[in-house]
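As structure tokens, the structure follows; a few thoughts come after it.
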Amino acid sequence: MQSPMEVLLPVEQSHLGLPQVRLSLQSPVRHLETSAVPLQRIPSRTPPPIRTLAPHPTTPLVVDNTVLPSSLALKAQFSRTDPKYASSFGAIAFERTTRLGLKLVGWRAIGLAGGQWAKLERPLASLIGARRQDWEKQRPRCQQGAAYNGLQIPPYVLRCFLLGPDQHHGTPHVAVVSGCAWFRKAVGSIFMRSGLLASDGFNCFGLPDKPEFYTNTGSDGTAPPSLVGLDEFEVQLLSVGPYFNGIGIEVLLEGKSVSRAAIGGFVHVADGAFGMTVRHAFIPPDSSMSFYTDDEDSEDCEIDIFEHESPDSSDWSGGQAPSTLGSPAATDFGTPAPKFSPVQDSATSDRTPLELASEIISAREPTLDWALSKVGSSVKNELFAEVDPNLDESRIAVKTPFGVTYGDHCSDGILGEPIMGIPQPVLVVSAVGIQLGDCGSWGMRVRDGKFVGMLIGYSPTLHEAYFLPMMDIIHDIRLQTGQTVTIPGFGKDPPTLEVASSVSAAWPNAKPKILESNEPGFKGSSASQTWHGATPGKPTPIEPGPKHVDLCLEIKGLIKQYKRENAEGRTFVLVESLTRALEAKYPERLAYNLYSVVQKAHERFSAEPPDIYLDNIPSMLCILYALIDLGHPELLPLFRQCRDHDLPIREEVLDVLLNQEDLEYRFNNGYRDFLARWLYVQPAWCPFVFKLGRQLDVRIRPGYIIPFYAKKPLQPYDFGRESHDTRARLYQVHIPAELVKARGLDDSQLLRYDDHVSAPRFASVSPENIADGVSVGLAGSRLLALRPQRVP
Amino acid sequence: MQDRAYWRFALKEFPESLKHSFEKEVKTFRALDAQSGMIQYYGCYEFKNEGGEPIFGILLEYADFDFNTAISEEEPPVTPEEIRSFYESMHEVAATLTSIHHLDINGQKYDL
């Protein structure tokens with residue numbers, strides 16, 4: 001049996017691996033442009049011209065005794081783009097023109113800058129709470145003395161953009177997006193003084209804009225929490241369509257409508273079915289309680305660029321005043337809002353009508369912006385967009401009461417809501433057309449149909465929708481209720497839908513109060529338990545497991561067993577294999593046993609229980625394994641703000657997470673010695689995983705191990721001519737089977753090293769030492785097609 | 793010693809100075825995705841070496857020989873069966889080359 005003949009794709013310039021039949025790579029592209037078939041024009045991403053303010057009369061600036069035009073002097077503030085950030089420019093998020101006529105562009109941060117932002121966002125968000133007394137000093141006096149209730153935190157968003165006049169002069173900036181000028185300046189100054197930004201070349205600026213919480217009809221949904229109990233609210237369905245997901249609801253208080261929102265989907269808590277919506281929909285429409293104000297002069301929309309300040313600066317207000325860049329408006333991308341078709345009414349549906357019960361559940365002290373409304377009938381969630389595995393995993397479908405709209409998950413951020421005690425970690429989805437009453441809608445990843453989050457806010461000027469990660473919500477409900485939480489799926493099989501695992505893990509600072517069952521707010525029923533604005537139950541007690549020391553020794557042994565070296569001699573650990581080995585020995589009890597290890601080790605230093613939850617363990621396995629390997633599993637709670645995907649953690653971040661003074665006495669050689677050992681060990685726990693297919697088109701984060709067992713230079717065939725001057729290199733590489741995630745690979749092609757022979761490293765991979773290798777052209781198995789079959 | 797199973801791939805690495813070539817090559821590989829008869833493109837990635845320099849990699853299906861080597865080193869067909877097999881194989885090569893000139897990119901068909 002002969003297989004089809006294969007030819008290698010010709011490649012341009014590099015001249016590596018060329019087939020005998022040579023084609024110029026340029027040909028297809030060039031011919032495409034001149035082909036009789038017209039090319040499909042892609043809509044330009046370039047925004048239309050924007051309004052500019054007339055230049056204000058200003059005093060010329062003097063730099064080195066030279067009078068510079070103001071716009072030139074301003075442009076000089078933006079140094080040339082650091083080459084390491086050259087690939088970090090994502091889509092344009094906004095454009096602002098200064099009063100001096102300089103256009104500043106904000107690009108969404110991707111690549112390296114995006115990765116560094118992922119590490120910075122949570123430590124920075126924690127500063128807002130920790131340094132509150134600092135920024136409170138800057139609140140206008142007229143507001144300081146006003147009578148108001150609640151948490152008094154203005155709505156804000158923390159984002160990351162590359163800011164500059166062009167891509168040659170763009171710098172990664174942390175953006176404090178808020179409508180309150182004093183808050184932007186105060187928080188920006190705190191960030192700059194923290195020292196967290198300087199090491200990566202980040203800066204900070206304040207962007208005048210106001211996130212919207214599209215729910216309330218009477219107010220903008222930003223009023224502080226009320227003393228009104230949730231049981232005083234009623235929820236009515238606005239319509240029942242063919243889909244249960246994304247149903248519009250109206251929240252009533254004393255018979256009057258206070259807000260509109262959406263029930264994005266349904267969860268099962270214990271035996272009860274609940275529709276999920278946003279907590280901030282349950283706020284009395286008392287406009288007098290809107291205590292904070294936006295910028296008084298709405299025309300004076302200034303970008304505040306903050307200078308780096310010395311950490312020991314005594315008074316931030318005495319520091320350098322921020323640069324003032326005026327702007328009239330954010331960019332209008334020219335993308336028309338999609339026309340949504342309202343969901344058909346119940347006449348088109350043959351299903352059992354949805355019924356809402358009277359119970360509404362949320363945490364008494366809400367940490368995340370969710371609320372549950374009990375439903376009278378058992379319902380399941382549905383896929384509201386066709387799953388397409390070929391689509392990029394960033395594609396998100398949002399089912400709102402007005403229909404299905406689409407967006408792209410472009411980044412992560414932090415959303416500050418006035419009614420919530422802690423910042424909300426959010427997925428940022430670039431989308432247009434979010435409307436009043438859409439909050440509560442769920443987002444679904446189109447690639448695999450997994451629910452990624454719930455819509456809680458929107459920026460109409462940045463065209464960004466903010467989704468609370470579904471994993472965080474489920475985790476929080478589980479903690480608040482102490483019960484099993486599942487997302488009922490579609491049809492009969494599978495019974496439950498999975499929550500997307502790629503979203504960020506639970507917000508580490510969320511420490512909900514777990515109420516005892518006898519506390520106010522707890523309600524029990526004979527059939528099932530429901531909770532009314534309270535959180536009953538206790539975390540599941542830890543049952544006795546193997547001895548602490550024995551399990552630590554066992555894990556250390558397995559770590560040694562699954563340690564590997566790459567072609568450069570760097571060590572990495574096959575984490576999945578290690579975990580599978582442990583799961584095989586402790587089926588369904590591994591998390592309990594690992595938690596027990598932490599608990600027992602922690603008891604040696606503190607009478608208090610470890611400040612970490614059992615549910616955190618599965619997402620922190622690598623961190624825990626590394627700590628066990630270092631002999632300090634009790635330190636896991638100090639890493640509770642991190643997850644495995646945060647590895648490797650930079651030293652500056654570790655300094656923030658860990659308290660040197662507290663830890664100094666624990667180690668024989670002090671805190672710095674532990675830190676050095678951690679920094680040495682942690683790269684072993686983050687080998688890059690090759691998810692073959694389009695999703696492999698990624699930037700590998702700095703510090704990751706490239707896990708090639710072997711890497712051998714190959715000699716390309718040059719058609720008998722001298723090699724062209726190219727520095728592209730061709731290699732044969734061996735990648736551990738455990739680290740290749742792919743469908744469609746032929747298992748018969750899987751190779752194995754002899755059990756008693758280590759992997760050949762081909763350590764010398766310098767171009768000068770290219771061996772008489774083979775060229776790449778035809779896949780080996782397919783070459784048989786070319787070889788004549790000898791007839792005996 | 794653990795059983796060390798591994799996959800073998802071809803890796804093409806570009807320095808930053810050849811980023812343009814890398815991007816163009818990736819674009820072409822993607823355009824030819826799902827075309828039969830070609831070396832498979834598995835994906836690309838970017839990382840920084842220990843010196844902090846960006847390196848761009850393209851992961852490809854590994855092959856033991858290229859077309860030229862096979863033609864030049866294999867014995868020529870002699871028997872009628874070998875000749876028939878050889879020309880059938882050449883026909884497959886021609887078909888693959890033809891497919892390169894008729895592309896379907898994102899549902900848009902291009903005839904070169």
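Residue numbers (the working numbering), protein chains in the order written: chain A, 1 to 792; chain B, 793 to 904. Built from N, CA and C at the ideal position, the CB exists for glycine as well. Model, not experiment: these values are computed from the prediction.
Nonlocal neighbours in the same chain, by C-beta distance under 7 Å from residue i, ignoring five residues either side
{"i": "residue 248 (chain A)", "result": "238, 239, 260, 262, 401, 437"}
{"i": "residue 736 (chain A)", "result": "564, 574, 707, 709"}
{"i": "residue 825 (chain B)", "result": "833"}
{"i": "residue 572 (chain A)", "result": "564, 566, 684, 687, 705, 707"}
{"i": "residue 113 (chain A)", "result": "85, 88, 160, 162, 172"}
{"i": "residue 93 (chain A)", "result": "106, 107, 108, 161, 462"}
{"i": "residue 800 (chain B)", "result": "854"}
{"i": "residue 795 (chain A)", "result": "Past the edges of chain A, shown from 1 to 792, lies residue 795 (chain A), and the structure says nothing about it."}
Where the alpha helix (DSSP H) containing residue i begins and where it ends
{"i": "residue 122 (chain A)", "result": "111-130"}
{"i": "residue 173 (chain A)", "result": "Counting along the chain, residue 173 (chain A) falls outside any alpha helix (DSSP H), though it belongs to the beta strand (DSSP E) covering 171-178."}
{"i": "residue 643 (chain A)", "result": "Here residue 643 (chain A) belongs to no alpha helix (DSSP H), and DSSP marks it neither H nor E."}
{"i": "residue 562 (chain A)", "result": "First-last for residue 562 (chain A): undefined, no H or E at that position."}
{"i": "residue 602 (chain A)", "result": "590-603"}
{"i": "residue 478 (chain A)", "result": "470-481"}
{"i": "residue 679 (chain A)", "result": "670-681"}
{"i": "residue 819 (chain B)", "result": "811-823"}
Bridge-paired residues (DSSP) for residue i
{"i": "residue 412 (chain A)", "result": "A:427"}
{"i": "residue 208 (chain A)", "result": "A:178"}
{"i": "residue 107 (chain A)", "result": "A:92, A:162"}
{"i": "residue 793 (chain A)", "result": "Lying outside 1 to 792, the shown extent of chain A, residue 793 (chain A) is not represented and no answer is given."}
{"i": "residue 376 (chain A)", "result": "Beta-bridge pairing links residue 376 (chain A) to no other residue."}
{"i": "residue 442 (chain A)", "result": "A:399, A:454"}
{"i": "residue 168 (chain A)", "result": "Paired residues: none, contrary to the question."}
Nearest-angstrom Cβ-Cβ length linking residue i and residue j, presumed shorter than 8 Å
{"i": "residue 740 (chain A)", "j": "residue 690 (chain A)", "result": "5 Å"}
{"i": "residue 799 (chain A)", "j": "residue 448 (chain A)", "result": "Here chain A comprises residues numbered 1 to 792, so residue 799 (chain A) is not present and cannot be evaluated."}
{"i": "residue 96 (chain A)", "j": "residue 303 (chain A)", "result": "6 Å"}
{"i": "residue 433 (chain A)", "j": "residue 443 (chain A)", "result": "14 Å between Cβ atoms; not a contact."}
{"i": "residue 696 (chain A)", "j": "residue 835 (chain B)", "result": "3 Å"}
{"i": "residue 176 (chain A)", "j": "residue 207 (chain A)", "result": "7 Å"}
{"i": "residue 728 (chain A)", "j": "residue 821 (chain B)", "result": "Actually they do not touch by this definition, with Cβ atoms about 14 Å apart."}
{"i": "residue 269 (chain A)", "j": "residue 138 (chain A)", "result": "With 8 Å as the limit, residue 269 (chain A) and residue 138 (chain A) do not qualify as a contact, their Cβ atoms being about 42 Å apart."}
{"i": "residue 79 (chain A)", "j": "residue 168 (chain A)", "result": "Between residue 168 (chain A) and residue 79 (chain A) the Cβ distance is about 10 Å, and since that is not below 8 Å, they are no contact."}
{"i": "residue 632 (chain A)", "j": "residue 596 (chain A)", "result": "Rounded, the Cβ-Cβ distance is 16 Å, inconsistent with contact."}
{"i": "residue 796 (chain B)", "j": "residue 753 (chain A)", "result": "4 Å"}
Backbone CA spacing between residue i and residue j [nearest angstrom]
{"i": "residue 405 (chain A)", "j": "residue 463 (chain A)", "result": "13 Å"}
{"i": "residue 647 (chain A)", "j": "residue 682 (chain A)", "result": "7 Å"}
{"i": "residue 802 (chain B)", "j": "residue 179 (chain A)", "result": "53 Å"}
{"i": "residue 857 (chain B)", "j": "residue 864 (chain B)", "result": "11 Å"}
{"i": "residue 679 (chain A)", "j": "residue 842 (chain B)", "result": "15 Å"}
{"i": "residue 267 (chain A)", "j": "residue 488 (chain A)", "result": "6 Å"}
{"i": "residue 134 (chain A)", "j": "residue 140 (chain A)", "result": "13 Å"}
{"i": "residue 883 (chain B)", "j": "residue 876 (chain B)", "result": "10 Å"}
{"i": "residue 550 (chain A)", "j": "residue 582 (chain A)", "result": "13 Å"}
{"i": "residue 116 (chain A)", "j": "residue 412 (chain A)", "result": "11 Å"}
{"i": "residue 890 (chain B)", "j": "residue 446 (chain A)", "result": "34 Å"}
{"i": "residue 750 (chain A)", "j": "residue 738 (chain A)", "result": "11 Å"}
{"i": "residue 252 (chain A)", "j": "residue 373 (chain A)", "result": "13 Å"}
Close beta carbons around residue i, own chain, < 8 Å, minus the five adjacent residues each side
{"i": "residue 605 (chain A)", "result": "634, 666"}
{"i": "residue 371 (chain A)", "result": "230, 276, 277, 278, 279, 281, 282, 360, 361, 362"}
{"i": "residue 389 (chain A)", "result": "447, 448"}
{"i": "residue 91 (chain A)", "result": "45, 107, 108, 410, 430"}
Extent of the continuous beta strand (DSSP E) to which residue i belongs
{"i": "residue 804 (chain B)", "result": "797-807"}
{"i": "residue 872 (chain B)", "result": "From DSSP, residue 872 (chain B) is part of no beta strand (DSSP E) but of the alpha helix (DSSP H) over 872-892."}
Cβ neighbours of residue i in the same chain (closer than 6 Å, five flanking residues each side left out)
{"i": "residue 804 (chain B)", "result": "850"}
{"i": "residue 829 (chain B)", "result": "888"}
{"i": "residue 45 (chain A)", "result": "Interpretation of residue 45 (chain A) is limited by its pLDDT of 39, a score under 50 that renders its predicted location unreliable; the figure taken from the coordinates is listed afterwards. Excluding sequence neighbours, residue 45 (chain A) sits near nothing in its chain."}
{"i": "residue 639 (chain A)", "result": "623"}
{"i": "residue 703 (chain A)", "result": "648, 683"}
{"i": "residue 186 (chain A)", "result": "135, 138"}
{"i": "residue 837 (chain B)", "result": "849"}
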